[in-house]
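Engineer:
Residue numbers (UniProt numbering): 1 to 565.
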């Protein structure tokens, strides 16, 4: 485990820090033996023909734009997420799980697919524009490839990140105190603003951190929806390691982005007080309008996915204009060897990633639970595992790229597999550790007292007890790997193209019904896996196992979301 984390987290970050202190070669790349800190200066200054440093505001402007987009996204998500969490927490337990599942499914669908769905909706000749034209509104919307399109896409992506931490706090709120305030004559608004919102601040702060960090480092959303006029820091990093081939400058920018993200994560975590209670007391108060906002949030989350699915059955070749029902796009897919190869790569990658990740996550969780790893080592192990969830993915992707380049290892399937294992490790670790922490110490002590070896305790007691958590980890790891784009895009190399990267490359050429069909199949695969997991969680089993499976395998989305900070 330490070897994987050392080579997958510490080594790439150290390499990207080293590269930021190097000089670029004349025709791109990096001179490993020439050192200078000029890469950081070149983020704000340029040298003219006389060799003088001249202020250039381009990078600073884009950095400020990224911060502004992240702030705006966080604020918008909060306005939608808080009433949604209030509504969900007031439902019966069974319906709460169902609603949480409905909220998380769009998040698990490939980011490229969701962005493409918004392209279909808000393009000048897209579905929304044609609907408005049919209602008598003339002209084009002109939203696509603007700042507003970027914020729209970011909000759609990160709403679940805001909902779950707030829901986690609200479900443990002392609602009897809230009812007491109402009984004393306080209005619903006064109760909400003076009792509920202050008590929810730990979840709000966590949600802001969860939303702000990935929104700030986003690359795909601004690339597909914002275009060149709405570039963010993630796009600058991609340009530095792509067309510009200025690796030291890209590494310096990545270090700045990573440091800023860790600072935000620390600020969000360090201010978080203890939870509002150990369990829910009383019946949650219902607030007018929360259900309406929740319905609008669900519609907003599923709208781009539905648009992709519907337009995949279009008779014409255009992805935007509906001409009739047909299955020709799916028939064309079956004869597309490049797409079939990318699909097979994605499936192999997801299967291998989930299996390897779960084994590593189980061993790490058991090492911490059994106290084989204690104190500072246990804290360091847990912190390293969670780094991929805190740092922007594009930073880890380019760091891994530089790490393998320094070792002269060619990119390809093996490199992508290693990077996916590191990226998915916290996704598997969180539910497994949550399940393992629920095991009674008395059971483990009794097994040891009867002479069971540590391996026997793990194999015969721990693994069966955490089986729901393992199943949840397998499912989450599989979906995360299957739908991942950023890591695969930077590390795939020749012959390692995955389905999301293939769809992205097709989008760069034109929007066709074939892209719709491929995106639909990817979305259906994700939804099918999640639905299967939810169904298994509802299977009736004698005794307490049914409850444990429902709570842990469900999956425990609240634990997963809360563990990101």
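Beta carbons are placed, not taken as given, at the ideal position from N, Cα and C, and that holds for glycine.
(1) Only counting runs of 3 or more residues, tell me where the beta strand (DSSP E) segments fall wholly within the stretch 258-342, in order along the chain.
(2) Does DSSP classify residue 34 as helix, strand or coil?
(3) CA-CA distance, residue 489 and residue 345?
(4) Using the three-state DSSP reduction, which class does residue 154 fall into: helix, strand or coil?
(5) Could you say which of 214, 230, 127 lies nearest to residue 158 if we only look at CA atoms?
(6) Output needed for residue 465: all residues of its chain with C-beta closer than 6 Å, excluding positions within five of it in sequence on either side, in chain order.
(7) Alpha carbon to alpha carbon, what distance is there between residue 298 and residue 102?
(8) Name, in chain order, the residues that DSSP records as bridge partners for residue 53.
(9) Is DSSP giving residue 6 helix, strand or coil here?
(10) Rank 473, 122, 43 by C-alpha distance to the C-alpha of residue 424 and give the top, closest one.
(11) If you count every other CB in all the chains shown that lies within 10 Å of the CB of residue 274, and 16 or more means buried, which is it?
(12) Can you list, in chain order, the residues of its chain with a C-beta nearer than 7 Å to that of residue 107? Leave out the 5 residues immediately preceding and following it.
(13) Is it the case that the Cβ atoms of residue 128 and residue 500 are separated by a distance below 8 Å?
(14) Please say whether residue 257 and residue 427 have beta carbons closer to each other than 8 Å?
(15) Go ahead and pull the three-state DSSP assignment for residue 102.
(16) Let me make sure I understand the geometry here. Which of 318, 5, 53 has the alpha-carbon closest to that of residue 514?
(17) If you check the beta carbons only, do residue 496 and residue 411 fall under 8 Å apart?
(18) Considering only the alpha carbon of each residue, which of 165, 57, 359 lies closest to residue 598?
(19) Just the C-alpha distance for residue 248 and residue 172, rounded to the nearest angstrom, thanks.
(20) So which of 14, 25, 387 has the shortest CA-CA distance to residue 266?
(21) Closest to residue 477 by C-alpha separation, out of 348, 390, 90, would be which residue?
(22) Return the chain-ordered list of same chain residues with a C-beta closer than 6 Å to the C-beta of residue 27, the five sequence neighbours on each side being excluded.
(23) Can you look up residue 630 in the DSSP assignment and give me helix, strand or coil?
(24) How is the alpha helix (DSSP H) around residue 129 delimited, first residue to last?
(25) Could you tell me the alpha carbon to alpha carbon distance between residue 362 and residue 1, rounded to whole angstroms?
(26) For the candidate residues 475, 339, 398, whose alpha-carbon lies nearest to that of residue 13?
(27) By Cβ distance, which residues of its chain are closer than 6 Å to residue 3, with the 5 residues on each side in sequence left out?
(28) Helix, strand or coil: how does DSSP classify residue 29 here?
(29) Looking only at its own chain, which residues have a Cβ that is under 7 Å from the Cβ of residue 432, when we skip the five neighbours before and after it?
(30) Would residue 62 and residue 254 be called neighbours here (beta carbons separated by less than 8 Å)?
(31) Within the continuous alpha helix (DSSP H) that includes residue 13, where are the two ends?
(32) Assuming residue 368 and residue 352 form a contact by the criterion Cβ under 8 Å, report the distance between their Cβ atoms to the nearest whole angstrom.
(33) Would you kindly work out how many angstroms separate the C-alpha atoms of residue 179 and residue 169, rounded to a whole number?
(34) Cα separation between residue 144 and residue 195?
(35) Give the secondary structure of residue 440 by DSSP, where H, G and I count as helix, E and B as strand, and everything else as coil.
(36) Tell me whether residue 1 sits in a helix, a strand or coil according to DSSP, three-state version.
Structural biologist: Reading from the atomic positions:
(1) none
(2) strand
(3) 13 Å
(4) helix
(5) 214
(6) 439
(7) 8 Å
(8) 47
(9) helix
(10) 473
(11) Note that residue 274 scores a pLDDT of 44, beneath 50, so its modelled location is shaky and nothing firm can be said.
(12) 160
(13) no
(14) no
(15) helix
(16) 318
(17) yes
(18) Any question about residue 598 goes unanswered here, given that the chain covers just 1 to 565.
(19) 48 Å
(20) 387
(21) 348
(22) none
(23) No answer is possible for residue 630: it lies beyond the span of the chain, which begins at 1 and ends at 565.
(24) 127-134
(25) 10 Å
(26) 398
(27) none
(28) strand
(29) 361, 362, 365, 466, 469, 470, 473
(30) no
(31) 11-19
(32) Not a contact, Cβ separation roughly 25 Å.
(33) 17 Å
(34) 41 Å
(35) coil
(36) coil
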